[in-house]
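Below is one structure; the comments refer to it alone.
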Amino acid sequence: MEVCITNYGGRVVSIMAPDRDGNFEDVVLGFPTIDEYVNQKQNFGAIIGRYIGRILNGRFQLDGEEYTLTPNTGPHSAHGGDPGFAARIWQAEHLDQYALKLSYLSVDGENGFPGNLRVRVVYRLTEDNELDILYEAETDKPTVVNLSHHSFFNISGDLFRPVEDQLLYVNAGFYTPYDSLKCVTGEIAPVTGSAFDFNHPVRIGNRIDEEILQLQVTGGYDHTWVLNTAGDETALAARVSDPQSGRTMEVYTNEPGLHIYTSNGLKGNIRGKERIPYPRRNSICLETMHFADSPNKPHFPSTRLDPGEVYRSRCIYRFGITAEE
72 MEVCITNYGG RVVSIMAPDR DGNFEDVVLG FPTIDEYVNQ KQNFGAIIGR YIGRILNGRF
132 QLDGEEYTLT PNTGPHSAHG GDPGFAARIW QAEHLDQYAL KLSYLSVDGE NGFPGNLRVR
192 VVYRLTEDNE LDILYEAETD KPTVVNLSHH SFFNISGDLF RPVEDQLLYV NAGFYTPYDS
252 LKCVTGEIAP VTGSAFDFNH PVRIGNRIDE EILQLQVTGG YDHTWVLNTA GDETALAARV
312 SDPQSGRTME VYTNEPGLHI YTSNGLKGNI RGKERIPYPR RNSICLETMH FADSPNKPHF
372 PSTRLDPGEV YRSRCIYRFG ITAEE
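The sequence shown runs 72 to 396 under my numbering.
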């Protein structure tokens, strides 16, 4: 395998992975030039922070003090505000030929978040065809942190082809629903018998267009699943497989949630690599994370970070192949 990363937003620019016949193809969306990453508003391959997902109404409280964030999605703060970590220049350091360390200081008050937050992200490509991503952060004031990775994957290697025919497995019994305005309600709902049940491999497109509120408000999947893995980085959290190419991608994490987005917002008006007009649902994002709006939902796993603590989050994308099906 081969992975290319830029220090603009810590973005994964390309992942070259073999299919069952040994043919190497790029399996992530992106652009051929840095100018397009800078000038087009999107999150292809980026580090997302300080907080992935929405914090509703751009407000939260810590120790009785209310913090007001910079809104960028109506009244809400999404993905850490604008500009978020995806639009920052990170300091890069090669640890060895297989590892890259990126560092960024998010200053106290950036987009309204408290505390000077020192962030380190190490990307490591392993001998097992894994892209292993380790996030660490420290603060000098109580704050909230929820970091993740936002590659748009199409493991078929054909970035024009929709992902609906690919198979998805998610090791989760619950997910976090939205209201009609795409705000998390705080409910933790069971997936059993619903369009969100991927506890055995299911074709992604089988139920994606069901006429239910949860899919209509997002135009497809754009939800967080509550993982059964209980923070065990060795337990399989999710798996995508492409019958045509034979490629597979597995996800491992210590995070409690996995956000899955089927690129419902792409419309064919963005031209990416090889000038391909990226169509709707041509990719899938698998974002390991805590839940959206956790600072305002005390029953959700906490995203609080205090001075003297070290935030640690890990996500592993493991690529493989299967025999012809």
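Even glycine gets a Cβ: it sits at the ideal position worked out from N, Cα and C.
Give a yes or no on whether the minimum CB-CB distance between residue i and chain D is below 7 Å.
i	result
glycine 155	The structure shown has no chain D; it contains just one protein chain.
Tell me whether residue i sits in a helix, a strand or coil according to DSSP, three-state version.
i	result
serine 365	helix
leucine 205	strand
aspartate 106	helix
leucine 284	helix
proline 372	coil
aspartate 90	coil
glycine 124	coil
threonine 393	coil
arginine 82	strand
valine 190	strand
aspartate 377	coil
methionine 72	coil
aspartate 97	strand
threonine 197	coil
arginine 383	strand
arginine 274	strand
isoleucine 279	coil
Closest to residue i by CA distance: which of the options is it?
i	options	result
isoleucine 226	Asp92, Tyr138, Ile126, Asp97	Asp97
valine 216	Leu202, Tyr240, Arg191	Arg191
leucine 307	Ile283, Lys338, Gly276, Asn270	Asn270
threonine 263	Tyr246, Asn110, Gly116, Thr256	Tyr246
leucine 171	Thr256, Asn78, Ser251	Asn78
threonine 393	Ser312, Cys386, Pro369	Ser312
lysine 72	Arg91, Ile355, Ile86	According to the sequence provided, residue 72 is methionine. The question's lysine does not apply to it. Ranking the options by Cα distance to methionine 72, first place goes to Ile86.
proline 146	Ala157, Arg159, Gln168, Arg130	Arg130
arginine 385	Asn110, Glu304, Gln315, Trp161	Glu304
aspartate 250	Val273, Pro154, Glu281, Thr289	Thr289
glycine 339	Gly180, Tyr349, Tyr332	Tyr349
isoleucine 275	Tyr332, Lys112, Ala208	Tyr332
tyrosine 169	Leu202, Gly180, Gly317, Thr210	Leu202
valine 381	Ala117, Ala208, Leu284	Ala208
proline 314	Ile279, Asp280, Asp179, Leu239	Leu239
aspartate 179	Asp167, Glu345, Thr210, Ala163	Thr210
leucine 357	Ser219, Gly93, Asp90	Ser219
threonine 300	Thr359, Gly183, Ser365, Glu345	Thr359
arginine 351	Glu235, Met320, Ala363	Glu235
cysteine 75	Ile126, Gln113, Tyr122, Ala163	Ala163
histidine 361	Asn182, Ile126, Asp268	Ile126
lysine 112	Leu337, Asn128, Arg383, Ser265	Leu337
asparagine 200	Phe95, Pro248, Ser265, Ile160	Phe95
tyrosine 122	Leu140, Pro248, Leu205	Leu140
asparagine 353	Asn128, Gln237, Pro366, Leu166	Gln237
tyrosine 206	Asp167, Pro154, Gly120, Leu284	Gly120
glycine 183	Trp161, Pro154, Asp167, Lys253	Pro154
proline 103	Glu345, Ile341, Leu284	Glu345
tyrosine 108	Gln132, Ile160, Leu133	Ile160
Flag this pair as yes or no: are the beta carbons of residue i and residue j separated by less than 7 Å?
i	j	result
valine 84	serine 222	no
tyrosine 138	proline 185	yes
glycine 291	asparagine 335	yes
asparagine 143	glycine 135	no
serine 177	leucine 188	yes
alanine 309	leucine 329	yes
isoleucine 355	phenylalanine 224	yes
histidine 302	asparagine 325	Checking the sequence shown, residue 302 turns out to be glycine, not histidine. The answer is yes: Cβ separation under 7 Å.
glycine 80	alanine 158	yes
isoleucine 118	phenylalanine 156	yes
alanine 88	phenylalanine 390	yes
valine 255	aspartate 364	yes
glycine 317	arginine 91	yes
phenylalanine 115	glycine 93	no
isoleucine 279	tyrosine 323	no
alanine 266	glutamate 282	no
- Message: Pairs of beta-carbons, one from the segment 362-379 and one from the segment 223-238, closer than 8 Å: are there three or more?
- Response: Cβ pair count under 8 Å is below three, so no.
- Task: Note down, one range per segment and in chain order, each beta strand (DSSP E) of at least 3 residues found wholly within the segment 126-184.
- Result: Those beta strand (DSSP E) runs which fall completely within the segment 126-184 and span 3+ residues are 130-133, 136-139, 162-167, 170-177.
- Length at least 3, wholly inside the segment 325-357: the beta strand (DSSP E) runs in chain order: Considered as a whole, the segment 325-357 harbours 328-332 as its complete beta strand (DSSP E) runs of no fewer than 3 residues, in chain order.
- Query: Can at least three beta-carbon pairs, one atom from the segment 290-308 and one from the segment 194-201, be found at a separation below 8 Å?
  - Reply: The segment 290-308 vs the segment 194-201: no contact.
- Message: Taking 8 Å as the cut-off, does the segment 350-370 touch the segment 247-260 (at least 3 CB pairs, one atom from each stretch)?
- Response: When C-beta atoms of the segment 247-260 are compared with those of the segment 350-370, three or more pairs fall below 8 Å, so the two segments count as touching.
- Query: Could you give the uninterrupted runs of the beta strand (DSSP E) lying entirely in the segment 288-320, keeping only those of 3 residues or more?
  - Reply: Segments of the beta strand (DSSP E) lying fully in the segment 288-320: 293-298, 309-312.
- Tell me the start and end of each unbroken beta strand (DSSP E) in the segment 201-266 that is at least 3 residues and wholly inside, in chain order. As far as the segment 201-266 is concerned, its whole beta strand (DSSP E) runs of at least 3 residues are 201-210, 219-221, 238-241, 243-247.
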